[in-house]
Amino acid sequence: MANTMTQTHTIPLYPETTPASLLLVILDLHPLSWSILASAAPPPLPADATHKAPNTSLSLTEFINILVVFLNAHLAVRWGNQVVVYGASAGTSKLLYPTPPKDSEGSKPKPNMYAPFVRLDKTFESSLRGMFEEEQERLEGQQGKGLNDPPAIVSALTKALSYINRVAPHSPSSALTQPTNSDLELPNSSGADKLETRIMVINATPGSSSAETSETEGPKPPTRQSGGQRGGYVGMMNCVFAAQKAKVPIDVLTLPPTWTGSRPPIFLQQASHLTEGVYWRWNGRGGLLQYLHVCFDHLFYQVKTDTGSVDVSRTSIPPIHSVCCSSTRRGRLSCCLLLPP
Amino acid sequence: MADNDPDWSPPPDETLNPDADDDDINESSSRPQANGKGKQKDGALKAWEDSYSKSWELIEEDADGRISGVKELIARGRRKRAMMSETPLRRSIIRHIFIILDLSETMLDKDFRPTRWEVTLGYLRTYVSEWFDQNPLGQMGIILLRDRLSETLVPMGGNPQEIIQALSDKRKLEPSGEPSLQNGLQMARGGMAHLPSTSSLETLTIFSSISTSDPDGSSTIHTTLSDLVNQKVRCTIISLSGEIKICRQICERTGGRFGVAIDEEHLRELMWETIPPPAQTIAAPMTLGVRNALAAGGQGAAGGKKPPPAGDLMVMGFPIRLAQGGETLCACHGLLKRGGYLCPRCGSKMCDVPTDCEVCGLMVVSSPHLARSFWFLFPVANYGAVTIEEAREERNLPLTCTGCDRRFISLEQAEENLARSIEQNIKIDQSMSQTERYRCAKCQNDFCMDCDLYVHHTLHTCPGCCQ
Ligand SMILES: [Zn+2]
Ligand SMILES: [Zn+2]
Ligand SMILES: [Zn+2]
Ligand SMILES: [Zn+2]
């Protein structure tokens, strides 16, 4: 893309230190989607591909373990890094981490303060599982009525953006503050204390199945056709524009692998494209943790190359890398995949 | 018209020659004294003087050291919004605007700090991005006035980056000589002559000089003015010096606004007033044109004598994006370029969208551009302030904001604050919530003030409603 080229000279390379980063993860916790992911029988690989990792199914427990490792690594890499996790289930979304304060606690909790190398505590896993089980119960209680509601990704996105607006407001509300000359001159100036912020959507719900087969008698995945997503296209686009304005990229990792015959989540694909985020579809063959690290986390950090330290997310892609990029139009992704884990 | 007109006398407090004819640019004093024509009674303020109070004068610290004036401002914004959305309006979401920037030597005056020039350029850059934010289907061009000439800095287009970049290159924007308002308006008019009357045509002039030196010849600024009126170009002029009669006339006759900026902040306020799409009812002949176009270009042409569809519709096309292949000629500039878009109706190539097809006149937009203006169609319901009494009666009062998950203050705390402000005789504003909770009328979720502002100004989607 042309704008990756122009970015190189407008945005200076980072100084010695990378700013602390805030990672907001939106995890699709739709019970139906996960039951499909966990139970789907993967087709065996063709005989000539024995050197590849076999296709696997993925349970929520497995994935949470991976996610916890990933997020802990993110917290450990740099002092001041922060993680916020939202869960999005059928029709609702909820902040899972940091856990909302209990009644007994003080009235002004600052959940975004971390001692160095603090890890996600046990509350994360338990509140994540808690929401998942709660949702399963709730939906079963309704005799599966709400079960076909698509996950409330849009709602979670609005919450994540509101959170960003509060914690790291990008531009002061124009109606309230008069601009000082400094913020007029340098709209891109990123102070040392400015948080690098990214939103990462982990999607488990397949797009509408491309092969409309009724062979599988099992539960149908919640559909995400036009407007099927809660908040719909308008809501998603509004989030995309708000994210663009705050210069927050939306990265998307979509889990339903290609062999399930499902379509990619088109809205999310568009969202990551428009906000210059990374879009990646799991190939269904394991290695998720490595991919998470390589694809998503390094975007925050400098990566050593022959030419010195370069922030990969902000530089143009050498041509050799874009050759490998077949699944997406975005060159950056292929660059990520080639880096050694 | 000469700039060294003998009728105009430099000291600003001197009264003007009452016989000055309309060709003259008159400057009245910027203080509320009666001017020479005696149009106004003694002591009467001009509209722009009484409506504006310096916002920072409102700011004062309360006992806690919190700045209460800011709250006042926020409250004012809330009330304004509440009033705005109650009245149903038709807004022209398709706007074409030329910004006419005076770059005469007077721009180097230091009454605005550091200079008028620096302040205006700085504001313009933020103005441009804010304008495109609120008018995603709009197009903008920039015209400069200096040395009695007008030049197009940026032709009409829909790319804010291009415009901001052009406005950042200060070496190309050095002020010099005198401005010619007539030339500038004429050029703007010419630049919009091909546009359909369905879109709102506007100019925003930032005029620093107190006189215009227009070319000698048969056509005067008055001919230009009647051309502008005929073409329905709405002209808004912001003067940095003082009241200028011809400018006021132009604005009044074309349906625009005239304002005199008292200081930097007022200039900003006047500029920002022009950002929201103008609300108006579109006259019948305009919509007729659209319907005809629809009938000709759409199924109507094939279907015979079907009546054009009811309602006001716009014809728009979504372009075909070209891959970065070989170079082809574009219809808009006639240059060989890679990439670009194809008009879905006539197939001619254009460099950028949104734009109007140079060949067939179709408005070509990309779907994200269109989606950006959706919020006009689906506005977020207003949030109402939750009073202490209301909150008391509630059994399951949520602890945290639905948007950002910040914890609300407790009711005890709210009462304490209220008691304190009564004690200190601070006026209590009804549009501000004592409990610091604002409730969505639709989904009944509570939000903090930050989120209220963010949702209504930027996000345009209620986090509660989309659950
Ligand atoms: Zn062109
Ligand atoms: Zn055309
Ligand atoms: Zn909030
Ligand atoms: Zn709501």
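Those protein sequence lines, which keep their order, are chains A and B.
UniProt numbering puts the first residue of the first sequence at 1, with every later residue one more than the last.
UniProt numbering puts the first residue of the second sequence at 1, with every later residue one more than the last.
Even glycine gets a Cβ: it sits at the ideal position worked out from N, Cα and C.
> Tell me the DSSP bridge mates of A/Met237?
Replying inline: According to DSSP, which records beta bridges pairwise, A/Met237 is partnered with nothing at all.
>> Does the CB of A/Thr158 have a neighbour CB from chain B at under 8 Å?
In response: yes
> Do you know whose CA, among B/Pro114, B/Ser176, B/Leu459 and B/Leu270, lies nearest B/Gly403's CA?
Replying inline: B/Leu459
> Where does B/Cys235 fall in DSSP's three states?
Replying inline: strand
> In the structure shown, what three-state DSSP assignment does B/Ile94 receive?
Replying inline: coil
>> For a contact defined as C-beta to C-beta under 7 Å, what are the partners of A/Ser155 on chain B?
In response: Pro463, Cys466 and Gln467
> If you compare alpha carbons, which of B/Gln186, B/Gly255 and B/Ile143 is closest to B/Ala166?
Replying inline: B/Ile143
>> Would B/Pro114 and B/Arg146 qualify as a contact pair, given that the criterion is a beta-carbon distance under 8 Å?
In response: no
> Which residues in chain A sit within 9 Å of B/Asp452, going by Cβ to Cβ distance?
Replying inline: Within 9 Å Cβ-Cβ: nothing; B/Asp452 doesn't reach chain A, min ~10 Å.
> With B/Ser348 and B/Cys357 assumed to form a contact (beta carbons below 8 Å), what rounded beta-carbon distance in angstroms separates them?
Replying inline: 6 Å
> Taking 8 Å as the CB-CB cut-off, is B/Asp64 touching chain A?
Replying inline: Summary for B/Asp64: the model assigns pLDDT 49, below 50, so the residue's position carries little reliability, and this model does not support an answer.
> Would you say the stretch 120-134 of chain B touches the stretch 159-173 of chain B, given that touching needs at least three Cβ pairs under 8 Å?
Replying inline: yes
>> Quick check on B/Ala371 - is its C-beta less than 8 Å from some C-beta in chain A?
In response: yes
> Is the stretch 261-281 of chain B close to the stretch 186-199 of chain B, with three or more CB pairs under 8 Å?
Replying inline: no
> Can you name the start and end residues of the alpha helix (DSSP H) that B/Asn417 belongs to?
Replying inline: Leu411 to Glu423
>> Distance check for B/Pro463 and B/Tyr454, CA to CA, integer angstroms please.
In response: 11 Å
> Of all the residues that make up the stretch 341-357 of chain B, which are near chain A by a beta-carbon distance shorter than 9 Å?
Replying inline: none
> When you compare each of A/Pro265, A/Leu71 and A/Gln244 to B/Asp133 by their alpha carbons, which one comes out closest?
Replying inline: A/Gln244
> Do you know whose CA, among A/Arg285, A/Asn283 and A/Val201, lies nearest A/Phe267's CA?
Replying inline: A/Val201
>> Taking only three categories from DSSP, how would you classify B/Arg113?
In response: coil
> Skipping 5 residues on each side, what residues in its chain have a beta carbon closer than 7 Å to that of B/Gly304?
Replying inline: Below a pLDDT of 50, predicted positions are generally treated as unreliable, and B/Gly304, at 40, falls in that range; no measurement from the model is reported.
> What does a CB cutoff of less than 7 Å around B/Leu397 pick up in its chain, not counting 5 residues either side in sequence?
Replying inline: Ala391
>> Within the continuous alpha helix (DSSP H) that includes B/Ile388, where are the two ends?
In response: Ile388 to Glu393
> When the Cα atoms are used, what is the spatial distance from A/Ser127 to A/Thr99?
Replying inline: 8 Å
>> Taking 8 Å as the limit between beta carbons, can you name the residues of its chain near A/Ala40, skipping five residues before and five after?
In response: Ser57 and Thr260
> Based on the DSSP secondary-structure assignment, which residues constitute the bridge partners of A/Gln136?
Replying inline: In the DSSP output, where bridge partners are listed per residue, A/Gln136 has none listed.
>> Counting only Cβ pairs nearer than 7 Å, list the residues of chain A close to B/Cys440.
In response: Simply none; closest approach about 12 Å.
> How would you label B/Gln161, buried or exposed, when you count the other beta carbons within 10 angstroms and need 16 or more for buried?
Replying inline: exposed
> Smallest Cα separation from A/Ser89: which of A/Asn55, A/Phe132 and A/Pro54?
Replying inline: A/Phe132
>> At a cut-off of 7 Å, would you count B/Cys346 as near ligand 5, judging by its Cβ distance to the nearest heavy atom?
In response: No copy of ligand 5 occurs in the structure displayed; its ligands are ligand 1, ligand 2, ligand 3 and ligand 4 alone.
>> Would you say the beta carbon of B/Met350 is closer than 7 Å to some non-hydrogen atom of ligand 1?
In response: yes
> Can you find a heavy atom of ligand 2 that lies under 7 Å from the Cβ of B/Leu362?
Replying inline: yes
> Which first and last residues belong to the alpha helix (DSSP H) in which A/Trp280 is found?
Replying inline: First-last for A/Trp280: Tyr279 to Arg281, but that is the beta strand (DSSP E), not the alpha helix (DSSP H).
> For B/Phe378 and chain A, any beta-carbon pair shorter than 8 Å?
Replying inline: yes
> From B/Val380 to A/Val234, what distance separates their C-alpha atoms?
Replying inline: 12 Å
> Between the Cα of A/Val83 and the Cα atoms of A/Pro19, A/Tyr97 and A/Pro249, which residue gives the shortest distance?
Replying inline: A/Tyr97
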